[in-house]
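Everything on this sheet refers to the single structure shown next.
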Amino acid sequence: MSNDTQKANQIAFRFYTKLALVVNHARATVEPKYQAKVDKWFNLETPDSDLFKEHLRIYRSVSDSPPPPPLEVQVVLSIPELTSNQVLVYLAPDSSRLRIEPTPRHILLETWLLTFNPTAQIRHEDDRGDVAPSTMYKHGIPLFRSLYTLLRILPAWK
Numbered sequence: 000m001s002n003d004t005q006k007a008n009q010i011a012f013r014f015y016t017k018l019a020l021v022v023n024h025a026r027a028t029v030e031p032k033y034q035a036k037v038d039k040w041f042n043l044e045t046p047d048s049d050l051f052k053e054h055l056r057i058y059r060s061v062s063d064s065p066p067p068p069p070l071e072v073q074v075v076l077s078i079p080e081l082t083s084n085q086v087l088v089y090l091a092p093d094s095s096r097l098r099i100e101p102t103p104r105h106i107l108l109e110t111w112l113l114t115f116n117p118t119a120q121i122r123h124e125d126d127r128g129d130v131a132p133s134t135m136y137k138h139g140i141p142l143f144r145s146l147y148t149l150l151r152i153l154p155a156w157k
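Residue numbers (this note's numbering): 0 to 157.
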């Protein structure tokens with residue numbers, strides 16, 4: 000495996016990892032009990048937990064065939080067991096309250112999907128070939144900064 004391929008695999012793996020970490024950091028409601036390491040990839044500091052380590056292992060080498068399955072990160076609201084004098088309601092924009100029956104155990108708030116699709120690349124006649132790993136990394140910086148900001152202005156923000 001060439002050095003450029005290894006670098007590209009590492010950067011691609013970090014795209015998957017950073018997506019999981021950024022979404023988790025913006026949506027998790029429980030703070031970690033220990034001081035987490037800090038992931039500084041793409042010039043964006045996020046707490047790095049081992050929570051997703053096993054799930055992300057298959058994305059370590061995306062250049063191998065077949066391509067890995069899409070990474071899907073779901074943000075789920077867990078509904079605790081309600082007592083007999085409690086009900087789950089939806090507060091509508093007009094301030095009316097609508098009772099939700101039956102009470103669900105979980106509500107899907109968001110789904111984030113990252114897919115590696117090497118065949119989707121469209122080449123032009125003046126195209127010089129593959130994108131350099133350093134260019135991929137540089138494009139990741141504004142991508143993850145934008146994602147970081149977007150996660151904080153969407154309705155599911157803490």
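Even for Gly, the Cβ is constructed at its ideal location relative to N, Cα and C.
* From the DSSP output, which residues share a beta bridge with Leu146? -> DSSP, once it has assigned bridges, lists no residue as partnering Leu146.
* C-alpha distance - Ala155 paired with His138, whole-angstrom precision -> 26 Å
* Specify the secondary structure class of Ala119 as computed by DSSP and reduced to three states. => Bear in mind that a pLDDT of 49 at Ala119, under 50, signals an unreliable position, so the model cannot answer this.
* **Complete beta strand (DSSP E) runs within the segment 83-122 (minimum length 3 residues, chain order)** => 88-90, 96-98 and 105-113
* To do: Decide if Leu171 is buried, meaning its Cβ has at least 16 other Cβ atoms within 10 Å, or exposed.
  => Any property of residue 171 remains undetermined from this structure, which presents the chain solely from 0 to 157.
* Segment limits, beta strand (DSSP E) that includes Glu71 -> Leu70 to Ser77
* Asked: In whole angstroms, what is the alpha-carbon distance linking Arg26 and Met135?
  -> 26 Å
* Asked: Below 8 Å between beta carbons: does that hold for Ala19 and Val72?
  -> yes
* Asked: Residue range of the beta strand (DSSP E) that Val130 falls in?
  -> Run containing Val130: none; DSSP gives neither H nor E here.
* Bridge partners - Lys36, DSSP secondary structure assignment -> Asp47
* Assigned exposure category for Arg13 - 16 Cβ within 10 Å defines buried -> buried
* To do: Just tell me which of Ser77, Asn116, Glu100 and Asn2 has its CA closest to the CA of Pro65.
  => Asn116
* To do: For the alpha helix (DSSP H) holding Thr4, just list the boundary residues, first then last.
  => Asn2 to Arg26
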